[in-house]
Amino acid sequence: MTAHDLYTRTLSDYKSCLCSSPALTLRSYCRERHVNYHGMCLWLSRHGISIRELRPSSSVTTAKEPASSFSRLLPVCFPFLLSGYALRGYHHFP
24 MTAHDLYTRT LSDYKSCLCS SPALTLRSYC RERHVNYHGM CLWLSRHGIS IRELRPSSSV
84 TTAKEPASSF SRLLPVCFPF LLSGYALRGY HHFP
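Using the working numbering, the first residue of the sequence shown is number 24, and each one after it goes up by one.
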């Protein structure tokens with residue numbers, strides 16, 4: 024079996040598996056099938072196929088959602104902390 028045949032078969036089998044399990048990644052599928060992932064990516068690139076094109080459209084919309092729901096906390100600068108009192112160790116607050 025040539026590399027072209029192997030990658031073509033792997034691609035078609037991967038597409039059929041995406042219907043039943045949309046969270047399946049190409050990397051994990053190639054690992055299960057003992058197919059070189061890097062070689063598969065190069066082959067896809069040479070044939071003008073993007074991995075994102077292979078994913079179902081519902082997973083593309085969820086990828087646009089923010090990755091984290093945590094808020095970023097920014098430090099607040101108080102003027103009395105920058106005065107000489109705070110730097111010398113005095114706890115005098117105006």
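Glycine included, each C-beta is placed from N, C-alpha and C at the ideal position.
Keep in mind the model is a prediction, meaning the values are calculated, not measured.
Exercise. Helix, strand or coil: how does DSSP classify His70 here?
Worked result: Here His70 carries a coil assignment [DSSP, helix/strand/coil].
Exercise. What is the residue span of the alpha helix (DSSP H) that His27 lies within?
Worked result: Its alpha helix (DSSP H) spans residues Ala26 to Ser43.
Problem set entry | Straight-line Cα distance separating Cys53 from Asn59 | Going from the Cα of Asn59 to the Cα of Cys53 covers about 7 Å.
Exercise. Hey, Gly71 and Ala26: beta-carbon distance below 8 Å or not?
Worked result: Contact: no.
Problem set entry | Helix, strand or coil at Arg56 [DSSP, three-state] | It is helical.
Exercise. So, using beta-carbon positions, are Leu41 and Leu67 closer together than 8 Å?
Worked result: For the 8 Å CB-CB criterion, Leu41 and Leu67 do not form a contact.
Exercise. Considering only C-alpha positions, which residue in the set Arg32, Tyr37 and His57 is nearest to Ile74?
Worked result: Comparing Cα positions, the closest option is Tyr37.
Exercise. If you drop the 5 nearest sequence neighbours on each side, which residues of the same chain put their C-beta closer than 8 Å to that of Leu47?
Worked result: For Leu47, where only same-chain residues beyond five positions count, the Cβ hits under 8 Å are Tyr37, Cys40 and Leu41.
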